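Novice: Just dropping this structure here.
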Amino acid sequence: MMRQYELVERVQAYNPNADENLLNKAYVYAMQKHGSQKRASGDPYFNHPLEVAAILTELKLDDASIAVGLLHDTIEDTDATRAEIDQLFGSEIGAIVDGLTKIDRLNLVSREEAQAENLRKLLLAISQDVRVLLVKLADRLHNMRTLQYMPPEKRTRIAQETMDIYAPLAGRMGMQDMRNELEDISFKILQPDHYTAITERLNEMQAEYRETISTISTELSERLAAEGITARVKARVKSPYSIFSKIERKSIALEQLSDMIGFRVIVNSIEECYHTVGVVHTKWKVVPGRFKDYISVPKHNDYQSIHTTIVGPGRQRAELQIRTEEMDRIAEFGIAAHALYKDGASADMGRIEIESQAYGSLRQTIGHLTQGLSTEDFVEYTKLELFQDQVFCFTPRGRLIALPRGATPIDFAYALHTDIGDTCVGAKINGAILPLVTQLRSGDEVEIIRDQNHMPPSNWIGIAATGKARAAIRRAVRHAAAQRAFALGEHVLKMMLEREGVMLDDSEAKALAEALGSPSKRDLLIAVGEGKVGSEPLAAELARIKGLRKRRRKLDLPVADTADGWFALRATDLFRFRVPGGQRSGTRAKAALAQLDFHMPVTISGEGVVPGDRLVGILQPDAPMLVYPIHSDALIDLHDSDVAWVDVRWNLSGKEDLYPTVISMESVNRPGSLAQISSAIAACDANINNLVMRMISPDFHQMIFEIEVRDLAQLTDVLATLKRSPGLSSVQRAGMREASMISTLEWDGNIDRRNDDD
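Going by the numbering used here, the sequence shown opens with residue 2, and the numbers climb by one from there.
The structure is reproduced here in structure tokens:
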């Protein structure tokens with residue numbers, strides 16, 4: 002166990018003005034609080050915070066961070082309190098310790114709500130103070146180093162959690178050495194066979210190419226010195242997990258990797274970096290396509306270096322990383338390289354955010370992720386947004402946009418602005434119009450094509466690769482669905498008010514909404530449009546608020562009267578009917594009404610009806626009742642006919658059937674148009690029964706589809722999605738003439754049995 006004075010000396014070695022009293026007090030306080038507590042290994046528990054503090058000294062952090070490393074478990078695992086920490090060590094240290102204490106153990110193998118909330122707390126704490134992240138990573142690193150003492154099941158869970166969250170976070174902050182160690186320990190536990198095979202091969206290669214490594218190092222140093230470049234050359238071997246992930250990603254054999262052995266060439270200036278490239282490319286042959294300039298375009302974690310791969314002695318490939326001393330320090334310590342505090346000063350958060358693009362970007366990303374995102378989506382979107390390799394693309398004006406590998410023009414559009422993403426209908430990539438599913442590559446120039454009337458379809462969620470894009474698409478889809486439901490609910494209420502000849506003021510509307518369990522009139526209408534509030538409860542509550550009396554009409558019919566004057570058509574069990582006042586008095590109409598009873602068969606009009614449609618029944622003597630939707634063009638021809646008009650309602654309690662209906666549209670005559678329409682209908686979870694196509698001009702087809710939907714809301718979703726699809730026009734429900742081109746939809750007694758002669 003490290004002694005108290007040894008810890009102080011380690012801090013003073015890089016910060017001579019360290020607050021010795023603070024470090025001593027934190028050491029003694031933590032040791033006393035943890036007392037006789039033991040770890041799984043049997044060691045005193047205090048050994049853990051002491052080792053965490055030691056790791057932080059290797060990162061050369063300020064005394065406050067070292068003190069937090071000593072104290073980080075006191076509030077969670079002892080009787081220490083936040084108030085006590087604030088009093089003894091100050092509110093700055095108390096806030097960081099408290100931020101760490103609020104972070105519960107994560108288990109990201111599952112995505113339950115509590116675990117998502119824990120991750121949200123972690124990221125929020127990190128966004129407030131970068132030292133929360135640094136102490137948390139040091140804490141996790143020491144836990145991983147001692148993981149062999151944990152039970153196997155717990156060991157696997159912690160290793161997976163580290164691989165999913167903590168190692169990528171270290172990489173995002175540019176702390177590559179810490180990331181490599183976290184990944185390698187996790188890899189060894191999760192896939193021991195692969196780990197053993199790779200490490201054995203690495204050991205063999207180091208022995209096999211020891212002379213080659215020495216030759217390249219010597220020749221590099223001598224050649225650069227002859228050019229007046231003072232350089233430090235050091236060889237390194239790629240980590241086992243990075244080798245494994247590259248093998249998996251590229252589907253290649255271990256022997257095909259060209260950068261298992263690499264060299265870092267450290268020079269004094271950026272100019273010497275590019276001079277060194279010229280010297281190297283003159284001395285050795287280079288591998289085409291293996292040159293990358295991360296000095297001109299740094300990585301998202303502030304990493305800068307020039308990479309090139311040469312064919313060295315013995316035709317052995319070797320990767321060279323050429324950088325300055327400052328770049329090397331950032332490559333090793335990442336965000337910690339910006340957190341070197343002098344004279345014991347506290348963290349200057351503004352300076353860190355300015356100097357570290359990685360931390361500034363992380364804080365901005367956390368801001369996007371922690372606002373308006375449901376907990377069930379949070380973990381998925383966080384991993385998409387934070388922990389993927391990146392590609393760099395450009396706008397036509399040269400603006401650089403960093404995106405995760407696998408991103409599409411949809412992600413690019415949302416990275417520019419949410420409104421641009423919502424109205425995106427196409428993209429030009431390097432001047433050519435390409436599909437929105439095209440995966441972008443570094444260096445691509447992307448121009449977004451927009452349509453202000455367009456809204457993103459729900460199937461874009463499966464195309465987008467960034468959390469920001471997926472969240473925005475889901476919000477837009479939910480908003481569009483709410484708007485459709487609101488319009489439908491508003492229509493239902495308007496018809497009720499017109500039928501009763503009354504109006505509803507604001508106070509009455511609020512009372513109506515509250516009576517039906519909605520906070521506002523808008524929420525009520527959305528609920529009505531979504532079918533969560535039925536029209537009958539709405540009508541009953543409206544009658545109560547407006548003081549309306551229920552009108553009942555006695556009919557000379559062989560059916561029992563019901564409480565609200567409606568009668569069940571029991572033969573079909575789908576509809577109920579009543580005869581309203583003011584019925585026309587034609588002879589045939591009277592004769593038809595005289596035959597009306599609950600055993601009467603029902604025929605559905607050709608264009609089909611779906612739950613949510615307002616229905617009208619037409620009666621003629623010695624004929625089934627013919628049910629039309631209120632919008633049917635056939636009702637125009639029947640307006641002056643001597644037939645009985647009957648008010649019909651759906652009777653769907655407990656039923657969850659699919660209902661056929663017919664839609665029509667005009668489509669541009671081009672390959673793939675039918676597939677596009679089919680995909681749009683399928684994306685709305687609707688089913689296609691039949692279709693008819695006819696050419697109306699050389700460039701356009703008329704398409705008539707018979708589809709199955711659950712209700713009017715789903716049908717409205719299908720029509721709205723098709724209207725947003727490029728190349729389609731005149732999208733609407735079919736009229737009788739168009740519907741007759743498909744078939745006549747008839748039922749007799751059961752919605753699931755169609756009257757087919759064949």
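For each residue, glycine too, the CB sits at the ideal point set by N, CA and C. None of these values were measured; they are calculated from a predicted model.
#1: Identify every residue that forms a DSSP beta bridge with Cys425.
#2: Check the C-beta distance from Ala465 over to Asp423 and give it rounded, since I have them as a contact under 8 Å.
#3: Between Arg451 and the rest of its own chain, which residues show a CB-CB distance below 7 Å, the 5 nearest in sequence each way excluded?
#4: Return the chain-ordered list of same chain residues with a C-beta closer than 7 Å to the C-beta of Ser66, the five sequence neighbours on each side being excluded.
#5: Taking the straight line between their C-alpha atoms, what separation do you get for Glu223 and Ile199?
#6: Helix or strand or just coil, what does DSSP make of Tyr304?
#7: Can you list, in chain order, the residues of its chain with a C-beta nearer than 6 Å to that of Ser187? Leave out the 5 residues immediately preceding and following it.
#8: From Ser270 to Met151, what distance separates their C-alpha atoms?
#9: Ignore the nearest five residues each way along the sequence and tell me which others in Ile678's own chain have a CB closer than 8 Å to its CB.
#10: Who are the near neighbours of Glu709 in its chain, counting only those whose CB is closer than 7 Å to its CB and skipping five residues on each side?
#11: Which whole-angstrom value describes the C-beta separation of Tyr196 and Pro241, a residue pair presumed to lie in contact below a C-beta threshold of 8 Å?
#12: By Cβ distance, which residues of its chain are closer than 6 Å to Val53, with the 5 residues on each side in sequence left out?
#13: With the cut-off set at 8 Å, would you say Asn460 and Ala684 are in Cβ contact?
#14: Between Arg475 and Ile462, what straight-line distance do the alpha-carbon atoms span, to the nearest angstrom?
#15: Since Leu692 is in the beta strand (DSSP E), which residue starts that stretch and which ends it?
#16: In this structure, what does DSSP give as the bridge partners for Glu499?
#17: Please state whether DSSP places Arg265 in a helix, a strand or coil.
#18: Measure the alpha-carbon distance for Arg156 versus Leu101 and round it to whole angstroms.
#19: For Gly175 and Asp87, I'd like the C-alpha separation in whole angstroms.
#20: For Gln7 and Leu321, I'd like the C-alpha separation in whole angstroms.
#21: Roughly how many angstroms lie between the CA atoms of Gln177 and Ile449, to the nearest whole one?
#22: If I measure Cβ to Cβ from Gln453 and keep anything under 6 Å in the same chain, skipping five residues before and after, which residues do I get?
#23: Residues in the same chain with beta-carbon distance under 6 Å from Ala681, minus the five sequence neighbours each way, listed in chain order, please.
#24: Would you please state the rounded distance, in angstroms, between the beta carbons of Ser633 and Ser674? I believe it to be under 8 Å.
#25: Nearest by alpha-carbon distance to Ala408: which of Ala482, Gln484, Gln440 and Gly432 is it?
#26: Looking at C-alpha atoms only, which residue of Leu616, Ser306 and Ala481 is the closest neighbour of Arg324?
#27: For Gly43, tell me which candidate among Glu273, Arg400 and Thr147 has the shortest Cα-Cα distance.
#28: Can the beta-carbon of Ala1 be found less than 8 Å from the beta-carbon of Val628?
#29: With the cut-off set at 8 Å, would you say Ala55 and Arg11 are in Cβ contact?
#30: Take Gln584 and list the residues in its own chain whose beta-carbon comes closer than 6 Å to its own, dropping the five residues that flank it on each side.
#31: How many Å lie between Arg250 and Thr309 at the Cα?
#32: Can you tell me the Cα-Cα spacing of Tyr342 and Gln192, whole angstroms?
#33: Would you list the residues sitting across from Gln703 in a DSSP beta bridge?
#34: Kindly provide the ranges of any beta strand (DSSP E) runs that are 3 or more residues long and lie completely inside the region 625-650, ordered along the chain.
#35: Which partner residues does Pro661 have in the DSSP bridge list?
Specialist: In short:
#1: Residue mapping note: residue 425 aligns to position 424 of the sequence shown, counting from 1. Answer is Arg451.
#2: Position 464 of the sequence shown holds residue 465. Position 422 of the sequence shown holds residue 423. Not confirmed; about 12 Å, so no contact.
#3: Translated into positions along the sequence shown, residue 451 becomes position 450. Excluding residues within five positions, the ones whose Cβ falls inside 7 Å are Ile421, Thr424, Cys425 and Val426.
#4: For the purposes of this step, residue 66 is taken as residue 65 along the sequence shown, with counting starting at 1. Once the five neighbours on either side are set aside, the close Cβ partners of Ser66 are Leu57, Arg132, Leu135 and Val136.
#5: Counting from 1 along the sequence shown, the entry for residue 223 is found at position 222. Counting from 1 along the sequence shown, the entry for residue 199 is found at position 198. Distance between the alpha carbons of Glu223 and Ile199: 33 Å.
#6: On the sequence shown, position 303 is the one that residue 304 refers to. Tyr304: coil per DSSP, three-state reduction.
#7: Numbered from 1 along the sequence shown, position 186 holds the residue referred to as residue 187. The residues are Ala160, Thr163 and Met164.
#8: On the sequence shown, residue 270 is found 269 positions in, with the first residue counted as 1. On the sequence shown, residue 151 is found 150 positions in, with the first residue counted as 1. Rounded to whole angstroms, Ser270 to Met151 spans 47 Å at the Cα level.
#9: Your numbering for residue 678 matches position 677 in the sequence shown. Result list for Ile678: Met666, Ser668, Met704, Phe706, Leu723, Ser726 and Leu729, in chain order.
#10: Your numbering for residue 709 matches position 708 in the sequence shown. Around Glu709: Leu659, Tyr660, Pro661, Ala687, Asn688 and Asn690.
#11: Taking the first residue of the sequence shown as 1, we reach residue 196 at position 195. Taking the first residue of the sequence shown as 1, we reach residue 241 at position 240. Indeed, because the Cβ distance is near 6 Å, the residues count as touching under 8 Å.
#12: The residue given as residue 53 occupies position 52 in the sequence shown. Counting only Cβ-Cβ distances below 6 Å, and skipping sequence neighbours, we find Gly70, Ala139, Asp140 and His143.
#13: Translated into positions along the sequence shown, residue 460 becomes position 459. Translated into positions along the sequence shown, residue 684 becomes position 683. A contact, by the Cβ cut-off of 8 Å.
#14: On the sequence shown, position 474 is the one that residue 475 refers to. On the sequence shown, position 461 is the one that residue 462 refers to. So the alpha carbons of these two residues sit roughly 7 Å apart.
#15: Mapped onto the sequence shown, residue 692 falls at position 691. Run containing Leu692: Asn688 to Ser698, per the beta strand (DSSP E) assignment.
#16: By one-based count along the sequence shown, residue 499 stands at place 498. Glu499 pairs with nothing; no bridge assigned.
#17: Along the sequence shown, read from residue 1 onward, the residue named residue 265 stands at position 264. It is a strand residue.
#18: Here residue 156 corresponds to residue number 155 of the sequence shown, with the count starting at 1. Here residue 101 corresponds to residue number 100 of the sequence shown, with the count starting at 1. If you take the alpha carbons of Arg156 and Leu101, they lie about 22 Å apart.
#19: Counting from 1 along the sequence shown, the entry for residue 175 is found at position 174. Counting from 1 along the sequence shown, the entry for residue 87 is found at position 86. Rounded to the nearest angstrom, the two C-alpha atoms are 32 Å apart.
#20: Translated into positions along the sequence shown, residue 7 becomes position 6. Translated into positions along the sequence shown, residue 321 becomes position 320. The question names Gln, but residue 7 in the sequence shown is Glu. Glu7 and Leu321: Cα-Cα distance of roughly 38 Å.
#21: Along the sequence shown, one-based indexing puts residue 177 at 176. Along the sequence shown, one-based indexing puts residue 449 at 448. The straight-line gap from Cα to Cα measures roughly 35 Å.
#22: Your numbering for residue 453 matches position 452 in the sequence shown. So the list reads Thr424, once near-sequence residues are dropped.
#23: Position 680 of the sequence shown, counted from the start, is the residue given in the question as residue 681. Thr722, Leu723 and Ser726.
#24: As a position in the sequence shown, residue 633 is number 632, starting the count at 1. As a position in the sequence shown, residue 674 is number 673, starting the count at 1. Not quite, the Cβ-Cβ distance comes to about 28 Å (not below 8 Å), so this is no contact.
#25: Counting from 1 along the sequence shown, the entry for residue 408 is found at position 407. If we check each option's Cα against that of Ala408, Gln440 comes out closest.
#26: Position 323 of the sequence shown holds residue 324. Of Leu616, Ser306 and Ala481, the residue nearest in Cα terms is Ser306.
#27: For this step, residue 43 is matched to residue 42 along the sequence shown. Of the candidates Glu273, Arg400 and Thr147, the one whose C-alpha sits nearest the C-alpha of Gly43 is Thr147.
#28: Because the chain is modelled from 2 through 759, residue 1 falls outside the range shown and cannot be assessed.
#29: Counting from 1 along the sequence shown, the entry for residue 55 is found at position 54. Counting from 1 along the sequence shown, the entry for residue 11 is found at position 10. The answer is yes: Cβ separation under 8 Å.
#30: The residue you call residue 584 lines up with position 583 of the sequence shown. Confidence at Gln584 is low in this model, with a pLDDT of 47, below 50, so its placement is unreliable and no value can be given for it.
#31: Position 249 of the sequence shown holds residue 250. Position 308 of the sequence shown holds residue 309. Taking the straight line joining both Cα atoms gives about 20 Å.
#32: Counted from its first residue, the sequence shown places residue 342 at position 341. Counted from its first residue, the sequence shown places residue 192 at position 191. At Tyr342 the pLDDT is 41, less than 50, meaning the model places this residue with poor confidence; the figure from the coordinates comes in the next sentence. Rounded to whole angstroms, Tyr342 to Gln192 spans 40 Å at the Cα level.
#33: Taking the sequence shown and counting its residues from 1, the one referred to as residue 703 is at position 702. Gln703 pairs with Glu667 and Arg695.
#34: 626-630
#35: Walking along the sequence shown from the start, residue 661 turns up at place 660. In DSSP, Pro661 forms a bridge with Glu709.
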